[in-house]
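Heads up: the protein sequence lines correspond to chains A and B, in order.
If you read the first sequence in my numbering, its first letter stands for residue 1, the second for the next number, and so on.
If you read the second sequence in my numbering, its first letter stands for residue 359, the second for the next number, and so on.
All residues carry an ideal CB built from backbone N, CA and C; glycine is no exception.
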Amino acid sequence: MLRKKPAVGSLILKDGTVFKGTPFGSQNSTAGEVVFNTGMVGYPESMTDPSYNGQILVFTYPLIGNYGVRQNPDSIADSLESSRIQVKGIIVSDYSANYSHWSAIKSLDEWMKEEGIPGIYGIDTRQLTKRLREKGVMLGKIINRQDTGFYDPNKEILQEYVSVKSPVTYGSGKPHIVLVDCGVKNSIIRSLLRRKVRLTQVPYDYDFTRMKYDGLFISNGPGDPKSVTQAIENVRIAMDSEKPVFGICMGNQIMALAAGGATYKLKFGHRSQNQPCIEQGTKRCYITSQNHGYAVNDKKLPSGWKPWFRNANDGTNEGIIHKTGLFRAIQFHAEHNPGPRDTEFMFDNFIRMVREGR
Amino acid sequence: MNPKKVLVLGSGALKIGQGGEFDYSGSQCLRALREEGIKSVLVNPNIATVQSSEEMADEIYFLPLTPYFIEKVIEKEKPDGIFLSFGGQTALNCGVELHSKGILKKHNVRVLGTQVSAIIATEDRGIFVKKLKEINVKTPRGIAVTNISGAIKAADKIKYPVMLRVAYALGGLGSGVCNNNKELAEKASKAFSSVKQILIEEYLEGWKEIEYEVVRDGNDNCITVCNMENFDPMGIHTGESIVVAPSQTLTNAEYHKLREISIKVIRHLGIIGECNIQFAFSPSSDDYRVIEVNARLSRSSALASKATGYPLAFVAAKLGLGYSLTEIDNSITKATKACFEPALDYIVVKMPRWDLQKFRRVEREIGTEMKSVGEVMAIGRNFEEAVQKAIRMLGTGLNGIIGDNISSKDIEKELRKPTDERVFAIASAIDKGISIEKIHSFSKIDKWFLHRIGNIVSVYRKLRKASIRRLSKELLSECKRNGFSDAQIAAIISSDEHEVRKLREKYSIFPSVKQIDTLAAEYPARTNYLYLTYNGTEDDISFADKKKVMVLGSGAYRIGSSVEFDWCCVNSAIALRKLGFRTIMLNYNPETVSTDYDMCDKLYFDDISFETVIDIYRKEKPDGVIVSMGGQIPNNLALKLHRSGIKILGTSPVSIDKAEDRHKFSKLLDSLEIDQPEWKELTTVRNAKKFAEKVKYPVLIRPSYVLSGAAMSVALNEKSLEEYLDKASSVSKEHPVVVSSFITGAKEIEIDAVANKGNLVCWAISEHIENAGVHSGDATIMLPPQRLYFETTRRVKKIAGQLAKALEITGPFNIQFLAKDNHVKIIELNLRASRSFPFVSKVFGTNFIDVATKVIMGQDIKKIGISVSDLEYVGVKAPQFSFSRLKGSDPTLSVEMASTGEVACFGDDLEEAFLKAFLSVGYVIPKKTVFLSTGPAESKAELLESCRLLRKMNFSLFATKGTHDYLRQMGVPSTVLYWPLDGKKPNAVDYIKGGKVDMVINIPKSYQRQELSNGYIIRRAAVDYNVPLITNTQVAKLFVSAISMYRQDGLKIKSWKEYKEVPG
């Protein structure tokens, strides 16, 4: 039997390292920042998380594709985090072409083909991860047939790609929450709506300061927090009032910057579902889901602010809180998806504060 | 606040449903106590465990794990804390009883970790269901009942098929699916003979079975360390299932939904420490049921611990002492904390090891009760690699999931009603072209797993068309990535393993060494917990370290090889470290202490095979390999490794071969003029008969090793020889049988020894209580010998010396002898540590493995004097059987080993030690009645004095007709009970079932392998209805004499130290 030689795809890192494997998904070539995630479930959720925009995602869990993809891109009620795949490409060790799940409607491969996203499998993802851990995240490209240049997403304002273009309203009644969309995960919207609020999702650079609202929520999002200057300025103004403000992930960083604090880029970030975060001054530790490359420097917090959570592994900041308690933010994803649900009560606390603050 | 002295309950003898995993958990608990400077007291009669070693606990009691003895130890030691959750169900049940009798309170002993009220909430189904209902968590619809008619009513309500569950049972004993009233009544009646309450539940056929290991501290921090998915859906006990970690077919939403419920349940129950929660999960919606919670360390937690590198038992102990999860370091990274959930970047496959062919008459179907005796764990970067490795690790002679020509006669039946061979039937069904859909509909196994097996089959099909000359690099590499071993490839393409290796080396296809680091490479790991994979391109570690020695472990626990070899491996590693060597351990058994990554400098959790040892050896370049500690598995590799240029330390593999090869060994014995039972290897039935006539019946027959698993047997006459040879299928040139003369009425003696360059360094001679004919692993053994002639022991020692010299032994060895009238014949020589090394080491207070390791590493140790006559105590080692779990099996002793574990106890005399040991393996002293059927004329006569003694102690004797007549003749009164097949009343079986006899002494009439006889029915009834049973004349005699001398309260409560410290 005559058979075509299997195709070979390559991942080329900026430092010149080349990993060869078998291509799947789209046959396009692509470039971005190469990062790794150590979660063992949730590839559809991660791939649609807007915070991964511009990045090539390495899954350290070796078996990916097992349960196919359940997808209903038009519905906010679906399990995915946005209406499309946000990562530039994915790198896996072992791809399951034959998926098995009652809720799946297609394979991961089919989905990636539809969305023009390439992947490579058959790569020693542990070796790759160790390299990223040692040298820090770096630029890379997936080359299938045609070469392409490197692309640095951190030089862009990625919110342009992931934020809504004009305000969107959900629900009705009270309280009214304004959500600053820096690339919000659908789960944040779902988590807020489950708590019966009226929600206005506004573009990341939208001037909401003269809107009437009961609480302000700053979302997660991709890229360097310092690049979203308009959002930082708006939040600074908002914190002059006494309306509760809550931030998640990039929201944490924006609030720190708005208050006069500082952020920096982590060597290889936190992208996983098992990050332990200790509530400062207590012995309570929460297992959290995370996806961030930048962090708040909690030694440079302005007066009136203090660290709320710290990472039990590396001691980095995982949340900040203002002395009034009105403004608080967490670096981890209380809305989870993917990941553990341990901190979903944060939404309850926020909404309670909003209601009682009124 | 911290306790000063803590009592830890072990789990006793290994039995089906409660294996070696509790040596791991107890040992970690003791280490945690030691680290805290808290005094520890251990009660565990399992002498072969690592936990019951001097350096582990401050005081060790080899006593039965029953409330009576624990209370005595509490009175004596006055501990202020107790751990109940490290010794399996045995310790847990004991603890609950101590609590409910108020004993703990009376003596001010605080239960550490999970409180008894929480334990009871998990064990009592009624409370459990109610508790979960309080937080809206679903459990299977079920009704708790306390009698048979209640059970039937409940089943009518729930509708058949229903699941019957037994509370407080380990390994699902007595549980099962019932399809109708009759089945239910039968099962329920058995269950009610040992418990008061059972549960009738909805049966969730085809649902996925998922488990989580949960840890919670006193500050309400709660994490799930690992989840696991059963390959075999509901209906197969998790101990009988292939299990993968982490789950493979759950989406994020499902994984975290179940995780969230786990945490909610564990918080609500108030567990502190470690526990396991099992779910049934719908394959077609997100519906679920919580099946059970084990509020203790379990088999699954040992597996989870090894699968993730998270030291669950150690952490659980620390939490029990009041630490918070955030205060304990992650001992793998040493940079992060214990409060996190491991991220795996590999897949783990656990497989059970069954030994069903070892038992007569046993049912081979697997289901809701555990029958497996051990397990293996394989690590890979895909399922294919891991599952094929796991199959090889089972040590049943198979190379992988396919290519070994195992064929089921009826594939569909095998898929629907699985036996221990279902996984192979799946592969061959796929190969035969049966669709995945169809296989799924028969087996209900998730299609993801089936597709993955399909991947292996498709590689196999490609490979089948290849030959060694036409095997491309791509295909060979694909084979290796899909878990094919060199030998498996060789078998499929009709080549040999060495040729495949050569080709692999030519193509440069080698495995990579990967680290298990709990964080998927996010942080650097400081420990060397390692495995091999072909799905990788880089080694995680460097091999530059020097002065290192590799120790081959013992592999899966099975009948005949168990925790005792783990003790040997661990002690050898400890000795090597003391000598300044770095140690490399190779083992794949998740139940062991040797696979704790901090027992050695490098742990390779991988297969103990020729291929793997060479791959590791070539990378590591150690100073040598020790093969004499892990039992027969490493021993069998010695010569092959030696011939491939691997340096084997200790006794030369050439000598090992001389001892293992029957012909060579026989010649050696002849040249040394050492006597042996006459034997011959025969290839035809005619010659076998001729030889048997010559040496006279009975004869012992051993088949050559074949997969069908024909066992050893004794033939009394020509007819039984014929029958046996028929069953052993074909006697032929390829499959010869060995026939040897069987000496009746002989004593069996063993010597365990260490020699240095051919000179004896230390030795221990022990004596079996049973006459020859009982496998040495099933024998009750006393040390020092109590009834041997001085001349016999002198002769035994002399032969050991001669053989040590002739084979230039350096290291441990063991010889078994037959002795009759001062005449000694040799049965077997093992040039390795034997099953009894921990026993003799602990009785003598001299660590034979430490000595052996020193001489192996070239230390010049001369003779170590052990003066037997100075010992003021006796040690007795007794076997533990698991017949109650092996439905239908005939509970008798024979030349084939059947015990699953052992204990050993000390006493001032033989009877005291013996009685303690027998109480430790589940015997109870009969109160009023003993039922006797004392077998052939000789044993009737031999037991006459015992019967008289029983009468003297005011026992009422029941007897079968023949025994009754004999006793009457001899003036001993007894009441006749009719044989079961007579169908007359009063019937023996009715009396046993009705709880009217306290003990059954049934001496079988012959050594026949199978007989559907009255005797069998009686023995089986005794086992099924939990009545102590003795089937051996010598044991019966000793038992009766022991209970005539000792009552329970006359047995001394003395620690091991107290025995060893000889006064004056």
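Query, Result
"Cα-Cα separation between glutamate 721(B) and valine 553(B), rounded to whole angstroms", "24 Å"
"Exposure label - threonine 941(B); buried when at least 16 CB within 10 Å", "buried"
"Beta-carbon proximity check, glutamine 55(A) vs valine 87(A), cutoff 8 Å", "yes"
"Counted within 10 angstroms of its Cβ, other Cβ atoms place glycine 1329(B) as buried (16 or more) or exposed", "exposed"
"Contacts that glutamine 606(B) makes with chain A (C-beta to C-beta distance below 8 Å)", "Leu63 and Asn66"
"Top-ranked residue by Cα proximity to aspartate 924(B), from Val907(B), Ile991(B) and Thr876(B)", "Ile991(B)"
"The alpha helix (DSSP H) enclosing glutamate 857(B), as first and last residue numbers", "855-864"
"DSSP-derived helix/strand/coil call for aspartate 959(B)", "coil"
"Arginine 839(B) beta carbon less than 8 Å from that of glutamate 743(B)", "yes"
"Whole-number beta carbon distance between valine 34(A) and valine 137(A), since they are thought to touch under 8 Å", "6 Å"
"Counted within 10 angstroms of its Cβ, other Cβ atoms place tyrosine 1231(B) as buried (16 or more) or exposed", "buried"
"The alpha helix (DSSP H) enclosing valine 228(A), as first and last residue numbers", "Premise fails: valine 228(A) is in no alpha helix (DSSP H) and is neither H nor E."
"Chain-ordered neighbours of histidine 336(A) on chain B, where CB pairs are closer than 8 Å", "His614"
"7 Å CB neighbourhood of cysteine 1305(B) in its chain, flanking five on each side removed", "Leu1290, Leu1315, Leu1325 and Val1330"
"Beta-carbon separation (whole angstroms), valine 706(B) vs isoleucine 749(B), contact threshold 8 Å", "With a Cβ gap of about 14 Å, valine 706(B) and isoleucine 749(B) do not count as contacting."
"Backbone CA spacing between threonine 666(B) and isoleucine 1014(B) [nearest angstrom]", "37 Å"
"Beta-carbon gap between valine 572(B) and isoleucine 635(B) smaller than 8 Å", "yes"
"Same chain only: Cβ atoms within 6 Å of aspartate 348(A), ignoring 5 sequence neighbours per side", "none"
"is_contact[glycine 83(A), chain B] using C-beta, thresh 8 Å", "Here residue 83(A) is serine; the residue named in the question, glycine, does not match the sequence. It does not: the Cβ of serine 83(A) has no partner Cβ on chain B nearer than 8 Å."
"Segment contact flag, the region 660-677 of chain B with the region 632-649 of chain B, C-beta cutoff 8 Å, min 3 pairs", "yes"
"Every unbroken beta strand (DSSP E) inside the region 1060-1134 of chain B [3 residues or more]", "1071-1073, 1095-1099, 1105-1114 and 1117-1129"
"Local conformation of leucine 1021(B) per DSSP, three classes", "Just to set this straight, residue 1021(B) is histidine in the shown sequence, not leucine. Residue state, collapsed to three classes: helix."
"Those runs of the alpha helix (DSSP H) which lie wholly inside the region 110-159 of chain A and span at least 4 residues", "125-135"
"Interface residues of the region 791-810 of chain B facing chain A [CB-CB below 7 Å]", "Asp804, Lys805, Trp806 and His809"
"Tryptophan 308(A) to tyrosine 294(A) span [Cα, whole Å]", "17 Å"
"Buried or exposed by the 16-neighbour rule on C-beta atoms within 10 Å, applied to asparagine 813(B)", "buried"
"Contact set between lysine 695(B) and chain A, taken where Cβ atoms lie within less than 7 Å", "Pro276, Ala312 and Asn313"
"Where glycine 42(A) meets chain B, residues with beta-carbon distance less than 7 Å", "Asn610"
"Proximal chain E residues relative to tryptophan 111(A), where beta-carbon distance stays under 7 Å", "No chain E is part of this structure, whose protein chains are labelled A and B."
"Where lysine 362(B) falls, given that 16 or more other Cβ within 10 Å makes a residue buried", "exposed"
"Chain A contact for threonine 895(B) (CB, 8 Å cutoff)", "yes"
"Per-residue burial, tyrosine 1374(B) [other beta carbons within 10 Å of its own, 16 or more giving buried]", "buried"
"Length-filtered (4 minimum) alpha helix (DSSP H) runs lying within the region 1123-1197 of chain B", "1148-1164"
"Residue-level contact to chain A via CB, threonine 666(B), 8 Å cutoff", "no"
"Per-residue DSSP class, three states only, for isoleucine 760(B)", "coil"
"Chain A residues whose Cβ lies nearer than 8 Å to that of lysine 872(B)", "Arg126"
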